[in-house]
Amino acid sequence: MKSPLNKIICGDVLEEMKKIPDNSIHLAITSPPYNLGKNYDSHNDSMKYEDYLNWLEKVWIETKRILVPGGRFALNIAPTGIKNFVPIHHDFSNQMRKIGMTFRTEIIWYKQTMLKRTAWGSFKSPANPHIVPSWEYVLVFSKDGSRLDGNQKDADITKEEFMKFSDGMWYVPPETQRNGHPAPFPEELIYRLIKFYTYKGNVVFDMFGGTGTVAAVACKTERKFIHIDISKEYCKTAENRVKKIISQKSLSSFRK
Ligand SMILES: C[S@@+](CC[C@H](N)C(=O)[O-])C[C@H]1O[C@@H](n2cnc3c(N)ncnc32)[C@H](O)[C@@H]1O
Numbered sequence: 022m023k024s025p026l027n028k029i030i031c032g033d034v035l036e037e038m039k040k041i042p043d044n045s046i047h048l049a050i051t052s053p054p055y056n057l058g059k060n061y062d063s064h065n066d067s068m069k070y071e072d073y074l075n076w077l078e079k080v081w082i083e084t085k086r087i088l089v090p091g092g093r094f095a096l097n098i099a100p101t102g103i104k105n106f107v108p109i110h111h112d113f114s115n116q117m118r119k120i121g122m123t124f125r126t127e128i129i130w131y132k133q134t135m136l137k138r139t140a141w142g143s144f145k146s147p148a149n150p151h152i153v154p155s156w157e158y159v160l161v162f163s164k165d166g167s168r169l170d171g172n173q174k175d176a177d178i179t180k181e182e183f184m185k186f187s188d189g190m191w192y193v194p195p196e197t198q199r200n201g202h203p204a205p206f207p208e209e210l211i212y213r214l215i216k217f218y219t220y221k222g223n224v225v226f227d228m229f230g231g232t233g234t235v236a237a238v239a240c241k242t243e244r245k246f247i248h249i250d251i252s253k254e255y256c257k258t259a260e261n262r263v264k265k266i267i268s269q270k271s272l273s274s275f276r277k
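Heads up: the sequence shown begins at 22 in the numbering used here, then just goes up one per residue.
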């Protein structure tokens, strides 16, 4: 089986992941649909919670299969619901440990979105006040041990970046350029994960790739990528984004 390197693949996650060889991905990064009833182009985001978890568990099992030994999985998720709190991040962590992934760390992605808040619960009273999540998590797991083999000359993180990113509280504002998608990643979040957890030339994968933020940043940082999403519209956006980066890169190498 040949790995579909540097491909934007439009299709169903479980169908398409079957086509990726074992032990071929160094870093998987994703943000799955949160099952919050968001208006995605081609996905029902209001599944029964149990069905939702069972579906994603199959995706995590495939992810483990395709990671190289020491490969990492950075899973972005947040507890959903303010009034009816759903600790979805705990359920994912338990699933991941059940399938034998090592839980390495959790990064707090602090989004500082408190300015827009309206859901106070009982304002200025302990009767029933609400905490509003102004953060998300990036849960980091690894397969078969923690060490990722690679050549030190391909480690391209700077000293300043390493010191900054190794503090687990990351202040990264949410993406404002949405490209017609309800929940895109900010590039800065992905840049940090790729630089911190991979060597140049490694393969980075997003199985719910949306508008292609992971693919785009992988391209910019000289990593290979594989992108899957079920929506033709989002895949088209991802493709255009990647093409633009590649043509800018080849233009700048031509100018040198
Ligand atoms: C939270 S979004 C990811 C956004 C992405 N991180 C970005 O930066 O644009 C989840 C994505 O999962 C995709 N999706 C939902 N069901 C899918 C399925 N069965 N197979 C593949 N992709 C699916 C949706 O189309 C959506 O783009």
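Ideal Cβ positions, reconstructed from N, Cα and C, are used throughout, including at glycine.
Distance, S52 Cα to I32 Cα: Per the sequence presented here, residue 32 reads as Gly, with Ile not at that position. Spanning the two alpha carbons is a distance of roughly 17 Å.
C-alpha distance - I152 paired with N97, whole-angstrom precision: 20 Å
Y131 - partner residues in DSSP beta bridges: W156, Y192
Proximity of I46 and V224 at Cβ, strictly below 7 Å: yes
Run of the alpha helix (DSSP H) containing L96, from where it starts to where it stops: Per DSSP, L96 belongs to no alpha helix (DSSP H); it is in the beta strand (DSSP E), 88–98.
Backbone CA spacing between E83 and I215 [nearest angstrom]: 21 Å
DSSP bridge partner residues for I50 (one or two, in chain order): A95
CB contact flag (E301, I249, <7 Å): Here the chain comprises residues numbered 22 to 277, so residue 301 is not present and cannot be evaluated.
Member of P195, V159, G201, N56 whose CA lies at the smallest distance from the CA of T126: V159
Beta-carbon contacts of A259 that lie in its chain and below 8 Å, excluding the five residues immediately before and after: I29, G230, G231, T232, G233, A236, A237, H248, D250
C-beta contact flag for M190 and I109 at 7 Å: no
Closest residue to K257 among V34, P25, N200, F94 (Cα-Cα distance): N200
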